[in-house]
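What follows is a short report on a single structure.
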């Protein structure tokens, strides 16, 4: 399984970006997928997850500005980010988890988001 994250870039505060994460296999096989981020000098932070049934969950402080979604036909999940702030600057990683006989995690390579004031 390979996850390819894309869509990062530089944006001014208040702007929007949409990140994509495309799987090399059908995302129907994952129990859930999601996004993390790691800002410079900070610990990794969970942003949002989406289950195989479309149930979503968000970090409380980000809900309302960030929206996770999935397109099963394209084997892709998205993270729509709006009203971006400089503190959203980070490398954003997508991941996927299967919970079959054992837990397996798969990670994308990360995409950098830079928000300038």
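In the working numbering, the protein residues as written are -6 to 110. Don't be surprised by glycine CBs; every beta carbon is placed ideally from N, CA and C. Since the model is a prediction, treat every value here as computed from it, not as a measurement.
#1: So, do the region 14 to 26 and the region 59 to 71 have three or more beta carbon pairs nearer to each other than 8 angstroms?
#2: Which of the three DSSP states is assigned to residue 57 in this structure?
#3: Which of the three DSSP states, helix, strand or coil, is assigned to residue 48?
#4: Whose CA, out of 101, 94, 102, lies closest to the CA of residue 24?
#5: Does the beta-carbon distance from residue 78 to residue 108 come in below 8 angstroms?
#6: With a threshold of 7 angstroms on Cβ separation, who are the neighbours of residue 76 within its own chain once the five nearest residues in sequence on each side are excluded?
#7: Is it buried or exposed, residue 27, if we count other Cβ atoms within 10 angstroms and call 16 or more buried?
#8: Report the partner residues of residue 17 according to the DSSP bridge assignment.
Taking the geometry as given:
#1: The region 14 to 26, when compared against the region 59 to 71, does touch it at the 8 angstroms Cβ threshold.
#2: Residue 57: coil per DSSP, three-state reduction.
#3: Residue state, collapsed to three classes: coil.
#4: For residue 24, the nearest C-alpha among the options comes from 94.
#5: Going by C-beta atoms, residue 78 is nearer than 8 angstroms to residue 108.
#6: Taken in chain order, the residues that qualify are 7, 58.
#7: Buried, since its Cβ has 16 or more Cβ neighbours within 10 Å.
#8: Note: residue 17 sits in no beta bridge, so no partner.
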